[in-house]
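Counting in the UniProt record's numbering, the sequence shown runs without a single skipped number right up to 319 at its last residue.
To start, the structure itself, in structure tokens.
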Amino acid sequence: MPAVSFQNVSKNYATPRGELQALKGVSFDIQAGEFFGLLGPNGAGKTTLISILAGLSRASGGHVRVHGHDVVSDFAAARRQLGVVPQELVFDPFFNVRETLRIQSGYFGIKGNDAWIDELLEGLGLADKAGANMRQLSGGMKRRVLVAQALVHKPPVIVLDEPTAGVDVELRQTLWQFVSQLNKTQGSTVLLTTHYLEEAEALCGRIAMLKKGEVVALEKTSDLLSRASSNVLRFKTDHNLPADLAAVARVTGRVVQLPAHNAAEVERILARVREAGVAVDDIEIRKADLEDVFLDVMSGASATTAPMAPMPPTEEVAP
Ligand SMILES: Nc1ncnc2c1ncn2[C@@H]1O[C@H](COP(=O)(O)OP(=O)(O)OP(=O)(O)O)[C@@H](O)[C@H]1O
Ligand SMILES: [Mg+2]
């Protein structure tokens with residue numbers, strides 16, 4: 001049985017300009033013990049999908065199950081399986097950190113949870129803030145508390161909606177160490193959304209990419225990476241590229257990046273650049289990364305650029 005199952009999930013929002021289809025029939029499963037990444041540009045529908053999973057929002061169509069428990073008809077059981085770190089910072093300003101975690105434990109009917117709370121505080125670098133009022137914490141500290149809060153009831157499925165947005169390097173490392181350890185030693189299932197693609201690349205075994213409410217890619221991270229051109233030629237220039245190169249280049253200020261599969265292609269590109277009289281410096285060749293794949297998939301005109309999420313079963317055709 002999958003840890004999380006999304007079946008044909010749709011969500012429509014009524015807006016002043018008419019219906020907005022935030023999710024258009026999203027289907028995929030996450031198996032128990034997976035570290036799963038959900039990627040997509042702003043507004044793709046990631047938080048909407050997570051809100052439906054967490055029971056904070058109702059799907060317009062389809063079903064979501066957590067370890068077999070439907071998030072609507074069997075809400076309490078489904079919710080108990082989940083630890084959700086929301087994208088928005090929400091907290092009660094009147095309590096200190098330890099009180100906040102005790103109260104959250106109480107919601108799940110857990111008493112005498114201090115040993116685990118201490119472990120959480122320690123693991124998330126909050127030990128010296130246990131007595132601090134929530135109001136006194138910095139943004140990054142509040143986010144740590146949100147993570148601890150999501151984990152107080154030791155949920156088998158951990159859902160993190162951009163947990164590292166606006167968070168310093170040290171906390172990112174602490175957080176990933178902690179969550180990875182839960183994933184490895186406890187077999188916790190992790191669903192992560194992030195805009196830091198190098199994080200997703202390093203952590204996630206499989207990745208789904210959402211675009212305008214549809215799954216446009218769903219693969220093992222290693223397969224996604226091998227789908228990209230294997231290398232990227234990177235250089236700096238103040239000049240305009242010849243049109244044929246400009247068409248395939250990724251340009252950020254002075255920095256130009258071009259897909260190059262092999263040495264011959266690198267030579268061909270540099271020859272084209274020289275021919276066109278374009279002066280370049282800081283030439284570098286790097287391995288293609290998840291960002292290259294992401295941009296590739298997202299620039300595709302439709303979902304057909306990448307393997308689709310599992311399709312609904314087709315009718316058996318009689319021979
Ligand atoms: N409560 C709401 N009412 C109307 N539209 C909404 C509501 N919540 C989200 N939307 C719209 O649904 C779409 C998906 O939003 P969502 O927050 O799920 O995106 P996201 O993938 O999480 O983006 P981000 O990376 O910015 O967090 C967007 O077009 C958004 O404007
Ligand atoms: Mg979001």
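Glycine included, C-beta positions come from ideal geometry on N, C-alpha and C.
All figures in this text were calculated on a predicted structure; none of them were measured in a lab.
{"query": "Collapsed DSSP secondary structure at Ala22 in the structure displayed", "result": "strand"}
{"query": "Counted within 10 angstroms of its Cβ, other Cβ atoms place Pro16 as buried (16 or more) or exposed", "result": "exposed"}
{"query": "The segment 69 to 80 contacting the segment 238 to 252, beta-carbon criterion three pairs below 8 angstroms", "result": "no"}
{"query": "For Glu219, three-class secondary structure by DSSP", "result": "strand"}
{"query": "Candidates Leu160, Val26, Ile103, Gly40: closest to Leu89 by CA position", "result": "Leu160"}
{"query": "Member of Val255, Phe294, Phe6 whose CA lies at the smallest distance from the CA of Asp238", "result": "Val255"}
{"query": "Whole-angstrom distance between Gln7 and Pro319, CA atom to CA atom", "result": "Summary for Pro319: the model assigns pLDDT 41, below 50, so the residue's position carries little reliability; its value from the coordinates is reported in the next sentence. Distance between the alpha carbons of Pro319 and Gln7: 29 angstroms."}
{"query": "Counted within 10 angstroms of its Cβ, other Cβ atoms place Arg144 as buried (16 or more) or exposed", "result": "buried"}
{"query": "Rounded C-alpha distance that separates Thr221 from Gly205", "result": "6 angstroms"}
{"query": "Val256: first and last residue of the uninterrupted beta strand (DSSP E) it sits in", "result": "255 to 260"}
{"query": "Rounded separation between Pro163 and Leu101 - CA only", "result": "18 angstroms"}
{"query": "Where Asn8 falls: helix, strand or coil (DSSP)", "result": "strand"}
{"query": "Contact under 9 angstroms by Cβ, Leu192 with Glu201", "result": "no"}
{"query": "CB of Ala54 within 9 angstroms of CB of Leu23, strictly", "result": "no"}
{"query": "Residue closest to Leu137, alpha-carbon to alpha-carbon, out of Gly253, Ile285, His67, Asp92", "result": "Asp92"}
{"query": "Near ligand 1: Leu160 beta-carbon under 8 angstroms from a heavy atom", "result": "no"}
{"query": "Tyr196, DSSP secondary structure in three states", "result": "coil"}
{"query": "Same chain, Cβ closer than 6 angstroms to Leu182, neighbours up to 5 away in sequence not counted", "result": "Ser188"}
{"query": "Inter-residue CB distance, residue 347 and Ile52 (contact presumed, cutoff 8 angstroms)", "result": "A query on residue 347 cannot be resolved here, the shown segment of the chain reaching from 1 to 319 and no further."}
{"query": "Buried or exposed (CB count within 10 angstroms, at least 16 for buried), Met1", "result": "exposed"}
{"query": "DSSP three-state assignment for Met141, whether helix, strand or coil", "result": "helix"}
{"query": "Alpha helix (DSSP H) runs wholly inside the segment 98 to 144, at least 4 long, in chain order", "result": "114 to 123"}
{"query": "Cβ-Cβ separation, Val147 to Leu121 (assumed contact under 8 angstroms), whole Å", "result": "Incorrect: roughly 11 angstroms between the Cβ atoms, too far for contact."}
{"query": "Anticipated Cβ contact below 8 angstroms, Gln87 with His69, distance rounded", "result": "So it is not a contact: roughly 24 angstroms between Cβ atoms."}
{"query": "Coil, strand or helix - Ala264 by DSSP", "result": "helix"}
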